Every structure is written in C-alpha cells, then in structure tokens.
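The sequence shown lines up with residues 1 to 343 when you count with full-length UniProt numbering.
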Amino acid sequence: MRAVVLREVGGPDKLVPSPSAPDPAPGADEVLVRVRAASVCGRDLIDRRGGFPLMKLPTILGHEFAGEVEAVGEGAARAGFSPGDRVANLHRPTCGACPRCLGGEELLCERAYQSFGHTVDGAYAELVVAHHRALVKIPELLAFEDASTLMCTAGVAYQALASRARLASGETVVVTGASGGVGTAAIQVARQLGARVVAVTGSPAKAAALAELGADEVIVSPDGRFEDDVKARVGLVDVALELTGSATFGAALKTLRRGGRLVVVGNIDQAKVSLRLGALILWGHTIAGSASCTREDLEHVLDLAAKGAIRAVIDRKLPLRYAAEAHALLEARAVFGRVVLVP
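Rendered as structure tokens:
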C-alpha cells in the first residue's frame, strides 16, 4: 500500500512517502479500513517532533480518518461490522470491562493502550487496522472528507463544552485558537448549546470567517493579551475554552467571572504556565483538562453534521503524498479549519 512513514522525529521533511508499505491485516477483534480521507491535526505536529515518548518508530501518523471496511475479524463481525460499512474512528479503543468503563467513564479507561500514530499505525496510508471499539459508523449522507475531521474537532469540542465545562444556554464562552480545527467546531457546538461565543484569533484575515461560523464577537489578538478586549465587549465570561496553550492561557483565565470554568484542550505552545493560587482560590475558578470524546459524543456530532446543523471546516484537500506540506501549513498557521489528506 501507499503510505507516509515517519522513521525519525523532526521537521515536516521526516514524513516520507512510501509506495510499497506492507498491507496490514486485521486480528480477531479488528477491522481493516480502506482510508478515504485522513484529517491532519495539531497533535500530529507534536507527534512528528517527538512529543509522545512512547511512540514507536517507524510509524504512520494520522489519528483522524474515515473510510470503508474491507475485512473484519471474527470478534469484529460479532460486534456488528461488515465489509462495506462506512466508518470513522475514535482516538483509541476502550476495554469495556475496567472499573472506569463499567462506571460510564470510558475516556478514563485503565487499559486503553492503543493510540493511532503512537502505539499502532495511523491513517496516513491507504489502509489502516483498527479495533472495532475504536470505530463508529457514519451516516450515509455524510462525505468521507467531512467525517474524517469531526472526531477530533466537533467531538472533542462537544465533550469539552457540554461535559467538562457544563456550558449552559445563555452563558458566554471564550474560544482561543478559534480558527483551528477544534476552534471552528467549538464555535458551532457552543451555538448549538445556546451559548454566546467570543472567538479569539491571531489573524485579522480570519476574523470574517469566524463571524460567518456564528461567533458573536471576534477578537484579533496577535500577542495573546485579549482579556481587556473581552471585558470591554462582553464583560467577564462563564467559560473559557483553551485550545492554544501557554500563549493564551493567562489571558483566558483573566476573562472568567467568579466561579468561571476554564477547560484546556490544546497545547500547541507547550511552554509552562504560571498560576496565582490566591486569585484562583478567591475567584473560585475551576480549571479542567479535556481529551478526546466518547462514542456517544462522536455519534451525536456526526448526526448534527449529516443534518446540516454543524459543518466540517476544511481549508483544503491534498493528496496523501503531500503530508509534509500539510504539516508545514499548520505550523505556519496558514490554515482555517482542517487539511485533509486523500489517499
């Protein structure tokens, strides 16, 4: 099969197209998927640079994909998967049997070790093998390219806003890094939840598109010091969704009202942050991390997209062999939404 292989960590040039990578074969509980679209995420950049210490090398990156089932193992067949099924993926399969899973906390599964592009090969390839618990069937009306982007954008945003932040109708949320894949989805998800949205971007060229997506206010802040602008326009807010990391964390925290909630999803800028613990205590703020999404989250946003209630925001589609170019575009912050690779 054709694939893009990472043999050593480093820059985008380390993503090397291979015309003859071995075809994977599914095990008993696995599904072989022909990849029709693979979405490129900021996490892929961190992985490529060596930010995940347990990543196997060589590896095939790509943790967001959609495609058609080509073959299934016996266990996967019993779980309801058949050749021809249209599927998208979760970040990793849960075990379904540990105390966390049995208690309804599947994102905290104690035995989930498989992770696409880390411990198992991902979807920068024509074929990918996935455990059946890592797959969700997608609606017939939804294009593969759109479906490939929704898990790690709208699904992640929905988990962070609805479950972790408990964002309620009538509240106001600040979204940093709003022009990225998760940010463009978060604006739409927050509006679906009935919230008012303040979108923060570092690029004046992206402001109009954020307003078109539904942002009530758009703040352009190249230096990441946007707290005074937020206060001037809407006052203090209920929730801040942090999608960038250290560059905007302090400002996001300063936008919160008493009892406000900050949820951290993105860590593109990986420097350390500092906290004034006295202020945290006196203002009663809650800071929470949020990673991934549940099967129910993904099914919900796929359904919303199929109905036209939200849309996948795709900046451009590139042939698989241009994976390095896709990474370079993301690093230059020259992308609005997602770049999708098409094998």
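Think of the CB as a built atom: it goes at the ideal place given N, C-alpha and C, for glycine as much as any other residue. In this text, all values refer to a predicted model and were calculated from it rather than measured experimentally.
Open item on the list: Short of 8 Å in beta carbon distance, which residues of its chain neighbour GLN159, apart from the five on each side in sequence? Order them along the chain.
Closed with: If we look at GLN159 and ignore the five residues flanking it on each side, its Cβ neighbours are LEU107, SER290, SER292, CYS293, THR294, ASP297.
TODO: Keeping to the same chain, check which residues put their C-beta closer than 7 Å to that of ARG36; ignore five residues upstream and five downstream.
DONE: Counting only Cβ-Cβ distances below 7 Å, and skipping sequence neighbours, we find ALA66, GLY67, GLU68, PHE144.
Task: Which of helix, strand or coil DSSP assigns to LYS317 - done: If DSSP states are grouped into helix, strand and coil, LYS317 belongs with the strands.
Task: ALA186 burial status per 10 Å Cβ neighbour count (16 or more: buried) - done: With 16 or more neighbouring CB atoms inside 10 Å of its own CB, ALA186 falls in the buried class.
Open item on the list: If contacts are defined as beta-carbon pairs under 8 Å, then LEU32 and GLU70 qualify, I think. What distance do you get, rounded to the angstrom?
Closed with: Cβ atoms of LEU32 and GLU70 come within 8 Å of each other, at about 5 Å.
Open item on the list: Taking the straight line between their C-alpha atoms, what separation do you get for PRO83 and CYS101?
Closed with: Using only the alpha carbons, I get a separation of about 28 Å.
Open item on the list: Out of ALA28, GLY51, PRO17, which one is the CA nearest neighbour of ALA271?
Closed with: Comparing Cα-Cα distances from ALA271 to each of ALA28, GLY51, PRO17, the minimum goes to GLY51.
Task: Cβ neighbours of residue 344 in the same chain (closer than 7 Å, five flanking residues each side left out) - done: As shown, the chain starts at 1 and ends at 343. That puts residue 344 outside it, with no answer to give.
TODO: Confirm the yes/no value for this check: CB of ALA37, any heavy atom of the ligand FMN, distance under 7 Å.
DONE: As presented, the structure is devoid of all ligands, the ligand FMN included, so that no description of it is given.
Task: HIS285, DSSP secondary structure in three states - done: The answer is coil: DSSP assigns HIS285 none of H, G, I, E or B.
Task: For THR172, the three-state DSSP class (helix, strand or coil) - done: It is a strand residue.
Task: Three-state class that DSSP yields for PRO139 in the structure shown - done: Of the three classes helix, strand and coil, the one that applies to PRO139 here is coil, per DSSP.
Task: Distance CB(MET151)-CB(LEU90) smaller than 8 Å - done: Against a cut-off of 8 Å, the Cβ pair of LEU90 and MET151 comes out as a contact.
Open item on the list: I need the DSSP call for PHE116, collapsed to helix, strand or coil.
Closed with: Of the three classes helix, strand and coil, the one that applies to PHE116 here is strand, per DSSP.
TODO: Give every residue of the same chain whose Cβ lies closer than 6 Å to the Cβ of residue 356, excluding the five residues on either side of it in the sequence, and list them in chain order.
DONE: No answer is possible for residue 356: it lies beyond the span of the chain, which begins at 1 and ends at 343.
- [ ] Have a look at VAL5, ILE219, MET1 and flag the residue whose alpha-carbon is nearest the alpha-carbon of GLU251.
- [x] Before going on, a small fix: residue 251 reads as Ala here, not Glu. Comparing alpha carbon positions, the residue from VAL5, ILE219, MET1 closest to ALA251 is ILE219.
Open item on the list: Spatial neighbours of CYS98 within its chain, please: C-beta separation below 8 Å, excluding the five flanking residues on both sides.
Closed with: Closer than 8 Å at Cβ, skipping near neighbours: CYS109, GLU110, ARG111.
TODO: Use the C-beta contact count for LEU320: other C-beta atoms within 10 angstroms, 16 or more gives buried, fewer gives exposed.
DONE: Around the beta carbon of LEU320, 16 or more other beta carbons lie within 10 angstroms, which makes this residue buried.
Task: Pairwise C-alpha distance: GLY62 and GLY27 - done: C-alpha separation (whole angstroms): 20 Å.
- [ ] Could you tell me the distance, in whole angstroms, from the CA atom of LYS307 to the CA atom of ALA195?
- [x] Between the alpha carbons of LYS307 and ALA195 lies a distance of about 20 Å.
Task: Presumed contact (8 Å Cβ cut-off) between ARG338 and ASP315, rounded CB distance - done: Indeed they touch by this definition, with Cβ atoms about 6 Å apart.
- [ ] Give a yes or no on whether the C-beta atoms belonging to VAL197 and VAL175 are separated by under 8 Å.
- [x] Closer than 8 Å, so yes.
Open item on the list: Quick check: ALA190 and LEU167, are their CB atoms within less than 8 Å of each other?
Closed with: Annotated as proximal: ALA190 and LEU167, with beta-carbon spacing under 8 Å.
Task: Residue closest to GLU126, alpha-carbon to alpha-carbon, out of GLN192, GLY181, ALA38, ARG48 - done: For the set GLN192, GLY181, ALA38, ARG48, the Cα lying nearest the Cα of GLU126 is the one of ALA38.
TODO: Reducing DSSP to helix, strand and coil, say where GLY67 ends up.
DONE: Note: GLY67 maps to strand in three-state DSSP.
Task: Beta-bridge partners of LEU341, as assigned by DSSP - done: Note: LEU341 sits in a beta bridge opposite ALA38, LEU318.
TODO: Note down, one range per segment and in chain order, each alpha helix (DSSP H) of at least 4 residues found wholly within the segment 232-265.
DONE: Counting whole runs of 4 or more residues, the segment 232-265 contains the alpha helix (DSSP H) stretches 246-254.
Task: Whole-angstrom distance between ILE310 and ALA324, CA atom to CA atom - done: Spanning the two alpha carbons is a distance of roughly 29 Å.
Open item on the list: Within the continuous alpha helix (DSSP H) that includes LEU127, where are the two ends?
Closed with: Counting along the chain, no alpha helix (DSSP H) covers LEU127; the unbroken beta strand (DSSP E) around it starts and ends at 127-131.
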